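Residue numbers (this note's numbering), protein chains in the order written: chain A, 11 to 606; chain B, 996 to 1115.
Okay, here's the thing in structure tokens:
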């Protein structure tokens, strides 16, 4: 075997050290980016190009000692002699698998070797070798794989973050994602949220061991196995949530004043992460918080939501002492951005939940009150009717009882008829007593009347008609109320009665005939007038229908309308029909006017 | 001469009861079935006491009372109503008494005798 590097004065250029018939042909490979070498039939390397020298390193001892294929075989630690011999003798080609070669300065190469016979005019002059370098391809591939894994991690954490709207769960997911092995792999993570009113960051939650012993316990509780990040998060959350770990207790007692120039303030204001990797730097930034957390090599990333910092995550590798790479911090930042948005969403969701609960409570209360009002109104109206009936009974009772007493007085007490007369008198007095009790009872149901503005009552009635999709359309004339028209009535009863009357009138009118509501003061009364415009031939029929309606005693029209008119009267009002200047009929309801 | 009592009520049978009972007590009884009729009678003849209903078809008893008092301020009027609620109406205060109708006419008769100063 011979030294293949026969001319060290031209190390950077591929050389043929011994002239062979193929030498001149090989020079064309001197500067190509693929490593080329050639050896003669005895295994002596007689040609190498620049790239070959770069990989094998011409300045090292390795190069000096590498004169033949056997030396190269030793240097690359891959089989060469056998395949070379086979290529020369059998005129075949050889291709090795990929192997790792440690070059100058400990640099790793991923290489493969191809050998083929060096032929010229059917004569074999040795072997031609190509050293293929896959290092960059492998690096790029590895980098891509890592990147994909990082993105997968972020996506999984992001999905986990969006699986809940509970702030506490979100905070736990954030910290778990930052610390678990399948996540970002920090040893510990601390979450601080902004308290705007006090201009400080408040420690909310932390995950991770405070010492190696606790690390062993916590990490040991996570069942091993090849699981997805989601599964890990679930297991981790379950285990960690069961322990009030030391760091959690510590962080909750911490407040960071944002008035002081610290790394936290810098991160909050700039919105950029910070990777502190030296004790000196940490000391400069220490506010006592770092002492409490026993850390001086850490990363701080802001939680940015809609361009505003709402807190920070501090993460470190206290237990393993592993250096935090900027890439990982950058990843933590991407993760923090998702986390901030999740925190913000959870906050909004909780706010909506509180408001929805309060709205639901208010609705329930309103429903109850409406039911109560309806019940009271019904009772009140029934009581009023009972009250009237009871009074109507008084006269006949008085007559029956009075005549019975008269009869009794004129009869012989020994007469059987006298006894009957006495019984009638007694029973009549009993009925009277019962009536008195009914009257006392029904009076207690009467609702107090209060001062109301008729405009407001009419507006509320129109509102009810609209909300109940009544087929009747109304127009307020004029549209805007002028001076208030005060009356003393029970508002809800009056709205209900007016509503029922308008609907009843509407039912007498041809379809889609709007009812104009006009309000005003008429002598000592406040008046609501219901006007309409219909064809002259329909006038008589409508007027007759309305007159019948008003005369409830005569026609026994619907109970609803009877009650409506009774309610008007009960509230001191009086309904009636009148004719306008154009002789058109209209309906009115008058209530005694009340001074302002 | 027996005192004349006018009973005013729109219930015919009630008037007949009053007539019978008060006649038995020795009074001369004049009946009116409406407020208007009552005022006509007041104008036409001497009446010593009036038993007056309040809720009547044509005219409110309290308005009738006011007109009677304008005509004859000394005329004693007993309001006799099925309703107790008018007691709080100041217009009813013009009456010498306010009695709620009852089958037991003892109280009414006693009050009439008292007002007309008639012994039992």
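No residue lacks a Cβ here, since even glycine has one placed at the ideal position from N, Cα and C. The model shown is predicted, which means the values in this text are computed figures rather than measured ones.
Who does residue i pair with in a DSSP beta bridge?
i, result
"residue 603 of chain A", "A:497"
"residue 1001 of chain B", "B:1025 and B:1045"
"residue 595 of chain A", "A:589"
"residue 221 of chain A", "The partner list for residue 221 of chain A (beta bridge, DSSP) is empty, contrary to what the question assumes."
"residue 121 of chain A", "A:109 and A:143"
"residue 1076 of chain B", "B:1095"
"residue 532 of chain A", "A:535"
"residue 541 of chain A", "A:526"
"residue 691 of chain A", "Outside the shown range of chain A (11 to 606) lies residue 691 of chain A, about which nothing can therefore be said."
"residue 428 of chain A", "Note: residue 428 of chain A sits in no beta bridge, so no partner."
"residue 463 of chain A", "A:496"
"residue 203 of chain A", "A:212 and A:321"
"residue 315 of chain A", "A:318"
"residue 285 of chain A", "A:309"
"residue 265 of chain A", "A:212"
Whole-angstrom Cβ separation of residue i and residue j, contact assumed at under 8 Å?
i, j, result
"residue 1045 of chain B", "residue 1063 of chain B", "7 Å"
"residue 353 of chain A", "residue 320 of chain A", "6 Å"
"residue 541 of chain A", "residue 528 of chain A", "6 Å"
"residue 314 of chain A", "residue 356 of chain A", "That belief does not hold up - the Cβ atoms of residue 314 of chain A and residue 356 of chain A are roughly 16 Å apart, past 8 Å."
"residue 90 of chain A", "residue 79 of chain A", "5 Å"
"residue 1067 of chain B", "residue 1037 of chain B", "7 Å"
"residue 341 of chain A", "residue 160 of chain A", "5 Å"
"residue 508 of chain A", "residue 544 of chain A", "So it is not a contact: roughly 21 Å between Cβ atoms."
"residue 325 of chain A", "residue 198 of chain A", "7 Å"
"residue 459 of chain A", "residue 500 of chain A", "5 Å"
Roughly how many angstroms separate the alpha carbons of residue i and residue j, rounded to a whole number?
i, j, result
"residue 181 of chain A", "residue 256 of chain A", "17 Å"
"residue 599 of chain A", "residue 1055 of chain B", "21 Å"
"residue 119 of chain A", "residue 276 of chain A", "42 Å"
"residue 332 of chain A", "residue 221 of chain A", "15 Å"
"residue 211 of chain A", "residue 87 of chain A", "59 Å"
"residue 1120 of chain B", "residue 553 of chain A", "The structure shown does not extend to residue 1120 of chain B, since chain B is modelled only from 996 to 1115, so the question has no answer here."
"residue 1002 of chain B", "residue 551 of chain A", "44 Å"
"residue 9 of chain A", "residue 174 of chain A", "Summary: the structure shown does not reach residue 9 of chain A, with chain A confined to residues 11 through 606, and so no result is reported for it."
"residue 1096 of chain B", "residue 403 of chain A", "11 Å"
"residue 1040 of chain B", "residue 1000 of chain B", "11 Å"
"residue 387 of chain A", "residue 442 of chain A", "27 Å"
"residue 431 of chain A", "residue 415 of chain A", "7 Å"
"residue 278 of chain A", "residue 216 of chain A", "19 Å"
"residue 20 of chain A", "residue 142 of chain A", "Model confidence at residue 20 of chain A stands at a pLDDT of 38, short of 50, so the residue's coordinates are unreliable; what they give is reported in the following sentence. In a straight line, the C-alpha of residue 20 of chain A is about 23 Å away from that of residue 142 of chain A."
"residue 384 of chain A", "residue 477 of chain A", "17 Å"
"residue 81 of chain A", "residue 144 of chain A", "22 Å"
"residue 596 of chain A", "residue 469 of chain A", "20 Å"
"residue 1080 of chain B", "residue 1049 of chain B", "11 Å"
Compare the Cα-Cα distances from residue i to each of the options and report the closest residue.
i, options, result
"residue 1106 of chain B", "B:1071, B:1029, B:1007 and B:1086", "B:1071"
"residue 392 of chain A", "A:298, A:310, A:577 and A:202", "A:577"
"residue 347 of chain A", "A:556, A:196 and A:171", "A:171"
"residue 128 of chain A", "A:143, A:272, A:157 and A:52", "A:52"
"residue 965 of chain B", "B:1034, B:1100 and B:1022", "For chain B, the structure presents residues 996 to 1115; residue 965 of chain B sits outside this window and is missing."
"residue 475 of chain A", "A:506, A:397 and A:442", "A:506"
"residue 96 of chain A", "A:59, A:136, A:401 and A:185", "A:136"
"residue 125 of chain A", "A:143, A:144, A:104 and A:108", "A:104"
"residue 140 of chain A", "A:113, A:164, A:59 and A:260", "A:59"
"residue 1031 of chain B", "B:1004, B:1019 and B:1079", "B:1004"
"residue 305 of chain A", "A:380, A:196 and A:406", "A:196"
"residue 1051 of chain B", "B:1069, B:1042, B:1075 and B:1043", "B:1075"
"residue 263 of chain A", "A:303, A:536 and A:428", "A:303"
"residue 45 of chain A", "A:132, A:54 and A:138", "A:138"
"residue 436 of chain A", "A:418, A:425, A:298 and A:271", "A:418"
"residue 394 of chain A", "A:134, A:203, A:575 and A:428", "A:575"
"residue 93 of chain A", "A:113, A:57 and A:49", "A:49"
So, are the CB atoms of residue i and residue j less than 9 Å apart?
i, j, result
"residue 111 of chain A", "residue 65 of chain A", "yes"
"residue 1110 of chain B", "residue 1084 of chain B", "no"
"residue 511 of chain A", "residue 519 of chain A", "no"
"residue 601 of chain A", "residue 586 of chain A", "no"
"residue 1103 of chain B", "residue 1094 of chain B", "yes"
"residue 581 of chain A", "residue 504 of chain A", "yes"
"residue 329 of chain A", "residue 201 of chain A", "no"
"residue 410 of chain A", "residue 434 of chain A", "yes"
"residue 187 of chain A", "residue 345 of chain A", "yes"
"residue 311 of chain A", "residue 339 of chain A", "yes"
"residue 571 of chain A", "residue 514 of chain A", "yes"
"residue 516 of chain A", "residue 481 of chain A", "yes"
For residue i, is the beta carbon positioned less than 8 Å from some heavy atom of the ligand COA?
i, result
"residue 316 of chain A", "Looking at this structure, you won't find the ligand COA or any other ligand, since it has none at all."
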